[in-house]
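Just below is one structure, and these are the notes that go with it.
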Amino acid sequence: MVTISLRTHLRLLTVPLLLLCSLAGRVQADAFDNHSAYWLRKGTEGATALESLSMRDALRLKPISARMTSPCIVVRTDEDNWAKAIITWGFRKGKEDRIPVVVIERFVTYRGDRENLTSAKGENVMLFPGFGFNFDIGQIVPVGIGQGEDIISLEQGDLKPAEGSKLHGLDGPATPPREDQKYPDPDEHQGVLPTDFAGKWEVHIDGRWSGRWELDVEERRIFGRFISDETQSVYEIAGKILALPHNAKLNIELANASQTIDAYLWTKDKSAMAGTVLMADRRIGFYALRIRDE
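Under this note's numbering, think of the first position of the sequence shown as 8, with each following residue one higher.
Take a look at the structure:
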């Protein structure tokens, strides 16, 4: 007979409790995540590309969201991809004086041939004067030796586009506020209706992949998109409600594979769903938590 001490028992209970508290406290996606390549192009149509961007010029730009303070730039790379980046300026202590640096807080690069897929993504990149940044591969590169730099940090901390690239500053959001999109409230009725699958969901698959589902429902048909946390690529979702009102079948076409999802919605508070994912002839588990509107 195996016995477990009270202390061990409490420790075992603490792990899932901490996990649930951590998931419940996650911040939902912000305006930066919603700026797809389509909206980056729309937001820069007819705008004159910048010859350079100083910290003072950037401070005059309206933020893309009331909850964000740092400016957002858009770069069309020399490989015809589209990139977005949140940037700020700072100083790094040198031997004799402070050195101005540009900090790329977050960036995502979308492929020009398939704008719903990404080629690079990263955060917290410190760009020193005299160096460039290649958004196509998401790396700091030396300038002038053919490494495909798209922006260059100058000695005084200004940014300038490299030859073949274009630099824009977003003056406010380039996309209609997604807060205007309202989903049906599952708490307004008893039982489960097909529309209870509609909404934003934080999804985790087999502990390997995570992201966000944005689902809409028309009658018993489901459509929407999946935004990957890892790459910020966007994939289309299609599906339908099955015979049981809390059971749905979803299909997601990824870049090199497809996922068939058998999802069961919780019938009490409808705040979560779980089930299985069939991918490459392997069946694995998933769960998703509803992201509530503020």
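Note that CB positions come from ideal geometry on N, CA and C, so glycine has one too.
All of these numbers come straight from a predicted model, not from anything done at the bench.
Per-residue DSSP class, three states only, for residue i
i      : result
MET133 : strand
THR283 : strand
TRP46  : helix
LEU66  : helix
PHE140 : strand
ASP40  : helix
THR51  : helix
GLY155 : coil
ASP269 : strand
SER172 : coil
ASN263 : coil
ALA56  : coil
GLY32  : Its pLDDT being 37, under 50, GLY32 is placed unreliably by the model, and the measurement read from it follows with that caveat. The answer is coil: DSSP assigns GLY32 none of H, G, I, E or B.
LYS275 : coil
GLN163 : coil
VAL81  : strand
ILE71  : coil
VAL148 : strand
SER299 : The sequence shown places Arg at residue 299, rather than the Ser named in the question. Residue state, collapsed to three classes: coil.
LEU257 : strand
GLY179 : coil
Nearest residue (CA-CA) to residue i, options the options
i      : options                        : result
ILE144 : SER240, TRP96, ILE94, ALA90    : ALA90
PHE39  : VAL115, THR202, GLU260         : VAL115
THR274 : LEU285, SER265, LEU251         : LEU251
MET280 : TRP220, GLU58, HIS42, ARG121   : TRP220
LYS189 : TYR117, PRO201, ALA205, LYS100 : ALA205
ARG121 : ALA44, ASP178, ILE159          : ALA44
VAL82  : LEU296, GLY218, GLU225, TRP46  : TRP46
ASP269 : LYS256, VAL150, LYS277, ILE93  : LYS256
GLY155 : GLY176, SER61, GLU86, GLY119   : GLU86
THR84  : ILE106, GLY101, SER126         : SER126
ASP64  : LEU134, LEU177, LYS49, ASN123  : LEU177
ILE229 : ARG215, TYR242, ASN258, GLN239 : ASN258
ARG113 : PRO168, LEU57, GLN146          : GLN146
PHE263 : ILE111, VAL284, LEU134, LEU124 : In the sequence as displayed, the identity of residue 263 is Asn instead of Phe. Of the listed residues, the one whose Cα sits closest to ASN263 is LEU124.
PRO136 : LEU161, ARG48, LEU57, PRO168   : LEU161
ALA295 : GLU170, TRP216, TRP208, THR283 : TRP208
ARG48  : ALA73, VAL132, ARG105, ILE80   : ILE80
Per-residue burial, residue i [other beta carbons within 10 Å of its own, 16 or more giving buried]
i      : result
ASP288 : exposed
GLU130 : exposed
ASP203 : buried
ASP194 : exposed
MET286 : buried
GLY231 : buried
ALA92  : buried
ASN141 : buried
THR51  : buried
VAL150 : exposed
ASN88  : buried
ASP157 : buried
THR10  : For THR10, the pLDDT reaches just 39, beneath the cut-off of 50, and the residue's location in the model is therefore unreliable, although a value from the coordinates is still provided. It is exposed - the Cβ of THR10 has fewer than 16 other Cβ atoms within 10 Å.
LYS100 : exposed
ARG118 : buried
SER240 : buried
Backbone CA spacing between residue i and residue j [nearest angstrom]
i      : j      : result
PRO70  : GLN197 : 41 angstroms
GLY164 : SER172 : 19 angstroms
LEU222 : GLY292 : 19 angstroms
THR95  : LEU261 : 33 angstroms
THR76  : LEU249 : 45 angstroms
SER235 : GLY246 : 19 angstroms
PRO191 : LEU200 : 10 angstroms
TYR271 : GLY218 : 18 angstroms
LEU66  : HIS253 : 49 angstroms
LEU30  : ILE212 : Residue placement at LEU30 is flagged as unreliable, the pLDDT there being 38, under the threshold of 50; a coordinate-derived value is accordingly withheld.
GLU225 : ILE244 : 13 angstroms
SER61  : LEU166 : 6 angstroms
HIS175 : GLY139 : 16 angstroms
PRO6   : ARG290 : Residue 6 lies beyond the residue range present for the chain, which begins at 8 and ends at 301; the question has no answer from this structure.
GLU4   : LYS128 : Lying outside 8 to 301, the shown extent of the chain, residue 4 is not represented and no answer is given.
HIS42  : ILE298 : 19 angstroms
VAL210 : THR267 : 14 angstroms
THR55  : GLY214 : 45 angstroms
GLY97  : VAL148 : 20 angstroms
SER278 : LYS102 : 55 angstroms
ILE159 : GLY179 : 24 angstroms
GLY153 : SER59  : 21 angstroms
Any non-hydrogen atom of the ligand FAD closer than 8 angstroms to residue i Cβ
i      : result
PHE142 : Absence of the ligand FAD is noted for the structure shown, with no ligands found whatsoever.
Checklist entry - Which parts of the stretch 89 to 137 are runs of the beta strand (DSSP E), unbroken and 3 residues or longer, counting only runs that do not cross its ends? => result If we require 3 residues or more, the beta strand (DSSP E) runs fully inside the stretch 89 to 137 come out as 89 to 100, 105 to 117, 125 to 134.
Item to check | Contained beta strand (DSSP E) runs [length at least 3] in the stretch 189 to 251, N- to C-terminal order | outcome: Listed in chain order, the beta strand (DSSP E) elements of length 3 or more contained wholly in the stretch 189 to 251 are 206 to 212, 216 to 225, 228 to 235, 241 to 248.
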